[in-house]
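**Student:** Got a structure here, written out as structure tokens. Questions coming.
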Amino acid sequence: MKALRLLLLFALTACQTPAIAPIASFRPTAERTVRPQAGSRTHLYAWVSSGTHDSIERFRLIGGIPAKNPDRVYPRYGGDVAVAGDGTLYVGDSTVTGEAVIYAFPPDSLRPKRVIIIPDLASQCQAAPGFTGENGIAADASGYLFVAVVTYSSGAGALKQTKAGPPSSSEWPCEGVAIYAPGAMGDARPAQVIRYGRGGDLTALAVDAADNLYVANSGRNNVDEFANPIVNPTLTRTFRSAYIGKVHALATDREGDIFIAGTDPFYQSGRITRFTPDAKGRGKPTSTIRLAPGAHLFGSLTESGKVLYVNDTYKSVDLYHAFRNGDQSPFYSAPLVKVWSLATGP
1 MKALRLLLLF
11 ALTACQTPAI
21 APIASFRPTA
31 ERTVRPQAGS
41 RTHLYAWVSS
51 GTHDSIERFR
61 LIGGIPAKNP
71 DRVYPRYGGD
81 VAVAGDGTLY
91 VGDSTVTGEA
101 VIYAFPPDSL
111 RPKRVIIIPD
121 LASQCQAAPG
131 FTGENGIAAD
141 ASGYLFVAVV
151 TYSSGAGALK
161 QTKAGPPSSS
171 EWPCEGVAIY
181 APGAMGDARP
191 AQVIRYGRGG
201 DLTALAVDAA
211 DNLYVANSGR
221 NNVDEFANPI
231 VNPTLTRTFR
241 SAYIGKVHAL
251 ATDREGDIFI
261 AGTDPFYQSG
271 RITRFTPDAK
281 GRGKPTSTIR
291 LAPGAHLFGS
301 LTESGKVLYV
311 NDTYKSVDLY
321 HAFRNGDQSP
331 FYSAPLVKVW
341 SLATGP
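Residues in the sequence shown are numbered from 1 upward in steps of one, following this note's numbering.
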């Protein structure tokens, strides 16, 4: 799925999709209870792909700067990465049979102990089963796994591009967020599913220290916040404004701030907006980092110690001061090329 997204980004297209709201009730932002972190974010994890070789590389953070060489390499594995509070590493991938899976690596192990098979969501849209993939994963301090799922129907509802324009609402894939309990494996039933139906374009997920879930919907250029997503997902805020633009990547910090990486429709102006827990979703952001003009792709974004780690052009990992407002250039660029996904964790 990442390869398809990259091709679309380089084509610099921005299809408008029908507005489909997730199935959830709405309530004002509730008081947050921040849970203590099980582990600090002392490492940067990166999916590195040369086209013929994939690996997950872990770098110790020294004063916020990634070490020159990785202290651990997970060979032959590649995909979206997320790290739980206990150090469990989750890696999204697909099998030779076309199934979307998540590999779960215990702390201090180079081999996965569990494999989670992602469900087909076509039945939720009354469509025929087809190709299923993941478009982003996240993990919380307790080890719950959050997966953005997309299913392209193999029947009449399959995605079809026509000369007249983008696919109709009946041809868009079925999407949602599947949430798995710690220890889930195989085709285990998700603990919760937040259904988006057709018409969106889920591109990224993030979870904060209070277990609020953030879902980037590039099809609608917004980010949805859900409180209590595991037991009773409740839509509390929707971030959507001219300050955000087209949404590509998300990150959160210990204080509950949400960072949203977005661009203009032509990917030429990049910005990272920050909203505090008490900020209004449709108002002015708490702060905005404006990147230098040029092509911006924002493949991945993560945070540790008030430092943002940005995979912007797939040529390096750029570091920015997370709380500074205004124009900003990277204060450090790690020479990591062909990085597709980033995460921070123990």
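We put the beta carbon where it would ideally sit given N, CA and C, even for glycine.
If you follow the beta strand (DSSP E) that isoleucine 258 is part of, which residue opens it and which one closes it?
**Tutor:** 258-263
**Student:** With burial defined as no fewer than 16 other Cβ atoms inside 10 Å of the residue's Cβ, what is the status of glutamine 268: buried or exposed?
**Tutor:** exposed
**Student:** So is glycine 283 buried or exposed if we call it buried at 16+ other beta carbons inside 10 Å?
**Tutor:** exposed
**Student:** Please confirm whether valine 339 and valine 317 have their CB atoms less than 7 Å apart.
**Tutor:** yes
**Student:** Could you name the residues of the same chain whose beta carbon sits closer than 6 Å to that of valine 193, not counting the 5 residues immediately before and after it, in chain order?
**Tutor:** Gly176, Ala178
**Student:** Please give me, in chain order, every unbroken run of the alpha helix (DSSP H) with length at least 4 that falls completely inside the stretch 184-255.
**Tutor:** For the stretch 184-255, not a single whole alpha helix (DSSP H) run of length 4 or above is found.
**Student:** Do you know whose CA, among Pro285, Gly64, Tyr77, lies nearest threonine 52's CA?
**Tutor:** Tyr77
**Student:** Compute the Euclidean distance between the alpha carbons of proline 75 and serine 94, then round it to the nearest angstrom.
**Tutor:** The straight-line gap from Cα to Cα measures roughly 16 Å.
**Student:** Taking 8 Å as the threshold, find out whether the stretch 253-264 comes into contact with the stretch 183-201 through three or more Cβ pairs.
**Tutor:** Fewer than three beta-carbon pairs drawn from the stretch 253-264 and the stretch 183-201 are found closer than 8 Å, and the two stretches are therefore not classed as touching.
**Student:** Just curious, the beta strand (DSSP E) that alanine 178 is in, first and last residue?
**Tutor:** 174-180
**Student:** Grouping DSSP H, G and I as helix and E and B as strand, with all else coil, what is alanine 343?
**Tutor:** strand
**Student:** Only counting the same chain, and skipping five residues up and downstream in sequence, which positions put a Cβ closer than 7 Å to that of serine 329?
**Tutor:** Around serine 329, the same chain offers Ala292 as residues with beta carbons nearer than 7 Å, after the five sequence neighbours per side are excluded.
**Student:** Using CA coordinates, which residue listed in Ala251, Asp224, Val149, Val231 is at the minimum distance from serine 241?
**Tutor:** Asp224
**Student:** Below 6 Å CB to CB, which residues in the same chain sit around alanine 30 once its five sequence neighbours on both sides are set aside?
**Tutor:** Confidence is the limiting factor: at alanine 30 the pLDDT is only 41, short of 50, which leaves the residue's position unreliable, though a coordinate-based value still follows. Excluding sequence neighbours, alanine 30 sits near Ala227.
**Student:** I'd like the list of long-range same chain contacts for asparagine 325, defined as Cβ closer than 7 Å, with 5 residues on each side in sequence excluded.
**Tutor:** Excluding positions up to five away in sequence, the list reads Ser287, Thr288.
**Student:** Comparing alpha-carbon positions, which option in Ala261, Thr42, Ile137 lies nearest tyrosine 320?
**Tutor:** Ala261
**Student:** Tell me the DSSP secondary structure of alanine 46 in three-state form.
**Tutor:** strand
**Student:** Per the DSSP calculation, arginine 114 is bridged to which residue(s)?
**Tutor:** DSSP output for arginine 114 lists Ala104 as bridge partner(s).
**Student:** Applying the criterion that 16 or more other CB atoms from any shown protein chain within 10 Å of the CB defines a buried residue, is proline 36 buried or exposed?
**Tutor:** Residue confidence for proline 36 is low, a pLDDT of 40 falling below 50, so the modelled location carries little weight; the figure read from the coordinates is stated next. The residue is exposed, with fewer than 16 neighbouring Cβ atoms inside 10 Å.
**Student:** With distances taken Cα to Cα, identify the nearest neighbour of alanine 139 among Pro119, Leu213, Cys125.
**Tutor:** Leu213
**Student:** So valine 91 packs on valine 81, CB below 8 Å; how close in whole Å?
**Tutor:** By a beta-carbon distance limit of 8 Å, valine 91 contacts valine 81. Their separation comes to about 6 Å.
**Student:** With the cut-off set at 7 Å, would you say threonine 252 and threonine 302 are in Cβ contact?
**Tutor:** No, the pair does not count as a contact, with Cβ atoms beyond the cut-off.
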